[in-house]
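Numbering (mature numbering (1 follows the signal peptide of the UniProt record, and there is no 0)), first residue to last: -20 to -1, 1 to 110.
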């Protein structure tokens, strides 16, 4: 009986440990910008740091964006560029968005979606604010 209790305790301990390890993976959802393979395959948020009002080229220059760990809840889908969602440009240091990466719209890349947002307002790639 004592050996059965020890065995059950060990199994319970392993189960709790496995759950805790798996749960921690869900908590750490940030992208490792130093892992080029992971970063170039994962879309992340980028804050727009270019001119306001928008000039003709700032919005399509990767260096006008900075990595954002989270979606900016202050972006209220209004009129000014706020944030984009794009993968990391492989080899960029500091990290920059890959504007030539394919978007979720067939046949269009991230830059195409940014230019569309300039004409038509926010979309799945670009969020805006007042």
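Just so you know, even glycine gets a beta-carbon here, dropped at the ideal spot from N, CA and C.
>> Runs of 3 residues minimum, wholly inside the stretch 22 to 96: which ones carry the beta strand (DSSP E) assignment?
In response: When DSSP assignments are scanned along the stretch 22 to 96, the uninterrupted stretches of beta strand (DSSP E) that are 3 or more residues long and fall wholly within it turn out to be 24 to 28, 45 to 48 and 60 to 66.
Review point. Between the C-alpha atoms of residue 46 and residue 76, what's the straight-line distance to the nearest angstrom?
Key: Along the chain shown, one-based indexing puts residue 46 at 66. Along the chain shown, one-based indexing puts residue 76 at 96. A straight-line Cα-Cα distance of about 7 angstroms links residue 46 and residue 76.
Practice item. Could you check the C-alpha separation between residue 71 and residue 55 for me, to the nearest Å? Key: Within the chain shown, numbered from 1, the residue matching residue 71 stands at position 91. Within the chain shown, numbered from 1, the residue matching residue 55 stands at position 75. The alpha-carbon atoms of residue 71 and residue 55 are separated by roughly 29 angstroms.
For residue 107, which residues does DSSP report across the bridge?
Sequence index remark: in the chain shown, residue 107 carries index 127 (1-based). Bridge partners of residue 107: 63.
Item to check | Burial state of residue 74 (16 or more Cβ within 10 Å) | outcome: One-based indexing of the chain shown puts residue 74 at position 94. Exposed, by the Cβ-count rule.
Requested in this report: Below 8 angstroms on the Cβ atoms is my guess for residue 83 versus residue 105; work out the distance and round it to an integer in Å.
Outcome: By 1-based counting over the chain shown, the position of residue 83 is 103. By 1-based counting over the chain shown, the position of residue 105 is 125. In this structure residue 83 touches residue 105 by the C-beta definition: roughly 6 angstroms separates them, less than 8 angstroms.
- Message: So the candidates are 24, 31 and 96; which of them puts its Cα closest to the Cα of residue 50?
- Response: Taking the first residue of the chain shown as position 1, residue 50 is located at position 70. Measuring from the Cα of residue 50, the nearest candidate turns out to be 24.
With residue 40 and residue 88 assumed to form a contact (beta carbons below 8 angstroms), what rounded beta-carbon distance in angstroms separates them?
-> For the purposes of this step, residue 40 is identified with residue 60 of the chain shown, where counting begins at 1. For the purposes of this step, residue 88 is identified with residue 108 of the chain shown, where counting begins at 1. Their Cβ separation, rounded to whole angstroms, is 14 angstroms, which puts residue 40 and residue 88 out of contact at 8 angstroms.
**Asked** In chain order, what residues of the same chain lie with their CB nearer than 8 angstroms to the CB of residue 33, ignoring the 5 residues before and after it?
**Response** Position 53 of the chain shown, counted from the start, is the residue given in the question as residue 33. So the qualifying residues of the chain are 60.
Relative to the C-alpha of residue 37, which residue among 110, 108 and 95 is closest?
Taking the first residue of the chain shown as position 1, residue 37 is located at position 57. Comparing Cα positions, the closest option is 95.
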